[in-house]
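Position one of the sequence shown corresponds to residue 6 (UniProt numbering), numbered consecutively onward.
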Amino acid sequence: SQYDSLKVWLDGKMVGYSEATVPILTHSMQYGSGIFEGIRAYPLPDGSAGIFRLSDHMERFVNTARIYGMNLRYTKEELEDAVMEVVAANGLSSCYIRPFAFYNDDRIGLSVKDKKVSVYIAAVPLGNYFSDKNSGIRCRTSSWHRISSSVLPVQAKASGNYLNSIIANSEARRSGFDEAILTSPEGYLAEGPGENIFLVKKGKVLTPGDESDILIGITRDTVMTIARDLGYEVVARQIHREELYIADEAFFCGTAAEITPIVEVDGIRIGQGRPGNVTSRITEALYRAVRGDTVHREWITSVSIA
Ligand code: PMP
Numbered sequence: 006s007q008y009d010s011l012k013v014w015l016d017g018k019m020v021g022y023s024e025a026t027v028p029i030l031t032h033s034m035q036y037g038s039g040i041f042e043g044i045r046a047y048p049l050p051d052g053s054a055g056i057f058r059l060s061d062h063m064e065r066f067v068n069t070a071r072i073y074g075m076n077l078r079y080t081k082e083e084l085e086d087a088v089m090e091v092v093a094a095n096g097l098s099s100c101y102i103r104p105f106a107f108y109n110d111d112r113i114g115l116s117v118k119d120k121k122v123s124v125y126i127a128a129v130p131l132g133n134y135f136s137d138k139n140s141g142i143r144c145r146t147s148s149w150h151r152i153s154s155s156v157l158p159v160q161a162k163a164s165g166n167y168l169n170s171i172i173a174n175s176e177a178r179r180s181g182f183d184e185a186i187l188t189s190p191e192g193y194l195a196e197g198p199g200e201n202i203f204l205v206k207k208g209k210v211l212t213p214g215d216e217s218d219i220l221i222g223i224t225r226d227t228v229m230t231i232a233r234d235l236g237y238e239v240v241a242r243q244i245h246r247e248e249l250y251i252a253d254e255a256f257f258c259g260t261a262a263e264i265t266p267i268v269e270v271d272g273i274r275i276g277q278g279r280p281g282n283v284t285s286r287i288t289e290a291l292y293r294a295v296r297g298d299t300v301h302r303e304w305i306t307s308v309s310i311a
């Protein structure tokens, strides 16, 4: 594959990408029982890699494992060191990092009791998640609701949750849109399949609140912080679907998606139908932050690249 020259960390050892394989009956392949993270590193001015909010991502990773009672066998700190090792070993100052833990056991049966847990960490080059990122994307409200906390823990970043994301994304793509927007079973705005969502209305920055059925994204927290730093009022609360239609601006955010303007929803133009000023200002501030050019230096873990 395109990744054959990469090295990955697998259960404490660095191995070649093509050596890291699993039996086809592996529990996590059959049942979606894996858990994961998505982290980006950006080049710093001195040429090293700056891993963005590593500690926050690994905290969510170990918390996801705890929610599912999965014994990772590595501490958060050991896993952070492993991420740094993978970035250094592959010499990637700009990359997307994918830590993954799974039941590496091919015995049939749902029970995870006494099943072996493996952890790998891969790092790959990754450009824009959406090809139309700069001009803005067109979305539709999904006919599928976001999974609710009564069904699955939405704050856990577990593979199984992404079937809900995939069916919504597929429906949107099939019907000619770039991405889906999911609502809660009650009809409130939730999130994208792999992104949190923000609106801008009369200079205020709005996002579904912590009580919503959403993954509490790390980029969402970054955006809220830098928007406040820029002097905007930021409100996290329950949001009606129609508030999106009458917003001045809207955007998705996430580690992979970064900040992606939304210019149309359900055939309705948002604001002027192009990326708005507030979105642009927050985007520029995010790019400064990931390169270490803010007061939030603690967000960056620097790794030297040979
Ligand atoms: N929601 C979902 C469902 C996601 O998969 C992601 C990506 N991890 C996000 C939101 C954004 O989270 P973060 O900013 O932590 O990447």
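Note that the Cβ used here is the ideal one computed from N, Cα and C, for glycine as well.
Source: prediction; values computed, not measured.
{"Check": "Under the rule that 16 or more other beta-carbon atoms within 10 Å means buried, what is leucine 204, buried or exposed?", "Outcome": "buried"}
{"Check": "Note down, in chain order, each residue of its chain lying with its Cβ closer than 7 angstroms to the Cβ of glycine 43, except the 5 sequence neighbours on either side.", "Outcome": "Tyr101, Arg103, Thr260, Ala261"}
{"Check": "Should the segment 117–136 be regarded as contacting the segment 230–249, the criterion being three or more beta carbon pairs within less than 8 angstroms?", "Outcome": "no"}
{"Check": "Can you tell me whether valine 270 is buried or exposed, with buried defined as 16 or more other CB within 10 angstroms of its CB?", "Outcome": "buried"}
{"Check": "Is isoleucine 264 near phenylalanine 257, with beta carbons less than 9 angstroms apart?", "Outcome": "yes"}
{"Check": "What is the DSSP secondary structure of methionine 301, counted as helix, strand or coil?", "Outcome": "Rather than methionine, the amino acid found at residue 301 in this sequence is histidine. If DSSP states are grouped into helix, strand and coil, histidine 301 belongs with coil."}
{"Check": "What are the boundary residues of the beta strand (DSSP E) that methionine 19 is part of?", "Outcome": "18–21"}
{"Check": "If you pair each beta-carbon of the segment 146–160 with each one of the segment 185–199, do three or more pairs fall below 8 angstroms?", "Outcome": "yes"}
{"Check": "Should arginine 293 be listed as close to ligand 2, given that the test is whether its C-beta is under 8 angstroms from any heavy atom?", "Outcome": "Summarising the ligand content, the structure contains ligand 1 and does not contain ligand 2."}
{"Check": "How is the alpha helix (DSSP H) around isoleucine 186 delimited, first residue to last?", "Outcome": "Run containing isoleucine 186: none in the alpha helix (DSSP H); it sits in the beta strand (DSSP E), 184–188."}
{"Check": "Which same chain residues, not among the five before or five after isoleucine 56, have their C-beta less than 6 angstroms away from its C-beta?", "Outcome": "Ala46, Thr306"}
{"Check": "Within a Cβ cutoff of 7 angstroms, which residues of the same chain sit near leucine 49, ignoring the five residues on either side of it in sequence?", "Outcome": "Gly55, Arg296, Gly297, Ser307"}
{"Check": "In chain order, which alpha helix (DSSP H) runs of at least 4 residues are fully inside the segment 206–243?", "Outcome": "223–234"}
{"Check": "Here's the rule I'm using: 16 or more other beta-carbon atoms within 10 Å means buried, otherwise exposed. How should serine 175 be labelled?", "Outcome": "exposed"}
{"Check": "With 16 as the cutoff for other CB atoms within 10 Å, does aspartate 218 come out buried or exposed?", "Outcome": "buried"}
{"Check": "Should isoleucine 219 be listed as close to ligand 1, given that the test is whether its C-beta is under 8 angstroms from any heavy atom?", "Outcome": "yes"}
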